[in-house]
Amino acid sequence: MLRVENLHVAVRDRLILKGVSLEVGDGEVHVIFGPNGSGKSTLAMAIIGHPDYRIVSGRIFFDGQDITEKPIDERARMGISIAFQNPPKLHGVKLKDLLARIASENGVGERFLEIVDRLNISQEHLNRYVNVGFSGGEIKRCELAQALASNPKLIILDEPDSGVDVENLELIGRFLSESLRGRSALIITHHGYILRHLKPVKAHVLIDGVIACEGDPDQILNRIMKDGYRWCERCRLMRGV
Ligand SMILES: Nc1ncnc2c1ncn2[C@@H]1O[C@H](COP(=O)(O)OP(=O)(O)O)[C@@H](O)[C@H]1O
Ligand SMILES: [Mg+2]
């Protein structure tokens with residue numbers, strides 16, 4: 001479904017990704033771990049086609065097509081969606097209008113209301129401007145609703161669990177375990193919590209713009225919890241990447 005080949009990405013002339021390759025199969029869930037500033041969000045932005053993230057070299061393939069040069073809106077229409085780590089406030093745009101528009105443009109119709117219901121988003125929130133005065137957990141739940149309302153083939157979740165309390169984590173975990181079925185997903189996370197609900201097939205550890213380590217998500221997470229990212233750094237040096 002997604003193949004990233006030797007991707008080099010620069011932001012404002014600074015090279016952030018220095019040769020990232022990964023492949024996410026049809027219906028597979030993968031996780032990305034990595035310390036702050038290692039380039040995880042940059043990878044997400046490059047895959048969706050954000051214009052500030054310049055692809056210097058390498059290619060991105062999605063659903064059998066080379067999308068490296070395609071603009072962000074075309075990639076979205078092809079079936080890629082994202083839940084941002086830090087989504088903006090949208091003054092003047094009501095959440096329900098945005099969700100209804102995303103859903104209708106993607107043939108989802110009124111079924112977006114089921115997503116709203118399962119994410120426990122209230123009528124009051126639907127009538128408010130997107131993210132204006134929302135709490136951390138509310139922002140993450142509304143962001144997931146927007147990402148799923150387009151019925152995407154590939155969904156990228158950039159830290160859906162950061163800054164979220166335990167009850168919301170539980171709700172988000174249960175929601176994702178149902179909603180990701182049949183989709184491909186790339187989930188950026190620091191927490192093992194979400195892995196209680198999801199069974200990703202593979203984890204990738206991004207350090208300083210390269211994939212330092214890959215393998216079984218539970219094993220890698222346990223190792224990071226025990227030894228920190230220093231262990232991945234050693235692993236990286238041993239592999240010579
Ligand atoms: N829009 C941007 N403008 C300037 N620098 C950026 C931008 N996006 C990312 N960076 C820089 O790229 C590096 C990687 O950031 P990021 O991809 O957000 O890391 P992560 O998500 O792993 O914490 C950081 O040094 C960050 O400051
Ligand atoms: Mg990030």
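The working numbering numbers the first residue of the sequence shown as 1 and each following residue consecutively.
No residue lacks a Cβ here, since even glycine has one placed at the ideal position from N, Cα and C.
Where residue i sits in the DSSP three-state scheme
i: Glu28; result: coil
i: Ala185; result: strand
i: Leu198; result: coil
i: Arg54; result: strand
i: Ser135; result: coil
i: Ser41; result: helix
i: Phe84; result: coil
i: Lys226; result: helix
i: Asn168; result: helix
i: Val116; result: helix
i: Arg236; result: helix
i: Asp161; result: coil
i: Gly109; result: helix
i: Gly209; result: coil
i: Asp66; result: strand
Buried versus exposed call for residue i [16 or more other C-beta atoms within 10 Å across all chains shown]
i: Lys40; result: buried
i: Met225; result: exposed
i: Gly215; result: exposed
i: Gln219; result: exposed
i: Arg181; result: exposed
i: Gln123; result: exposed
i: Val130; result: buried
i: Ser38; result: buried
i: Arg174; result: exposed
i: Glu143; result: buried
i: Gly34; result: buried
i: Val201; result: exposed
i: Val56; result: exposed
i: Val166; result: exposed
i: Asn222; result: exposed
i: Asp227; result: exposed
Any non-hydrogen atom of ligand 2 within 8 Å of residue i CB
i: Ser41; result: yes
i: Asp298; result: Any answer about residue 298 is impossible in this case: the structure gives the chain only from 1 up to 241.
i: Ile188; result: yes
i: Gln146; result: no
i: Gln284; result: The chain is shown from 1 up to 241; residue 284 falls before or after that span and cannot be answered.
Neighbourhood of residue i by C-beta, 7 Å cutoff - its chain only, sequence neighbours within 5 removed
i: Arg54; result: Val9 and Ala10
i: Val164; result: Gly136, Gly137, Lys140 and Ile172
i: Lys153; result: Met1, Asp63, Gly79, Arg183 and Ser184
i: Ala44; result: Ile82, Ile156, Asp158 and Ile188
Same chain, Cβ closer than 8 Å to residue i, neighbours up to 5 away in sequence not counted
i: His50; result: Ile72
i: Leu90; result: Leu98, Tyr129, Val130, Asn131 and Val132
i: Asn6; result: Gly19, Val20, Ser21, Ser57, Gly58 and Arg59
i: Asp208; result: Lys18, Ser38 and Gly39
Near ligand 1: residue i beta-carbon under 8 Å from a heavy atom
i: Gly34; result: yes
i: Arg230; result: no
i: Ser135; result: no
i: Gly37; result: yes
i: Gln85; result: yes
i: Ile172; result: no
i: Asp52; result: yes
i: Arg12; result: yes
i: Ile16; result: yes
i: Leu90; result: no
i: Leu7; result: no
i: Met225; result: no
i: Leu206; result: yes
i: Met1; result: no
i: Met78; result: no
Sequence-distant residues of its chain with Cβ nearer than 6 Å to residue i (five each side left out)
i: Ile187; result: Val31 and Leu157
Using 8 Å as the Cβ pair cut-off and three pairs as the minimum, do the segment 109–129 and the segment 75–85 touch?
With the rule of 3 Cβ pairs closer than 8 Å, the segment 109–129 does not count as touching the segment 75–85.
Does the structure place the segment 28–38 close enough to the segment 60–68 that three or more beta carbon pairs sit under 8 Å?
Touching, no.
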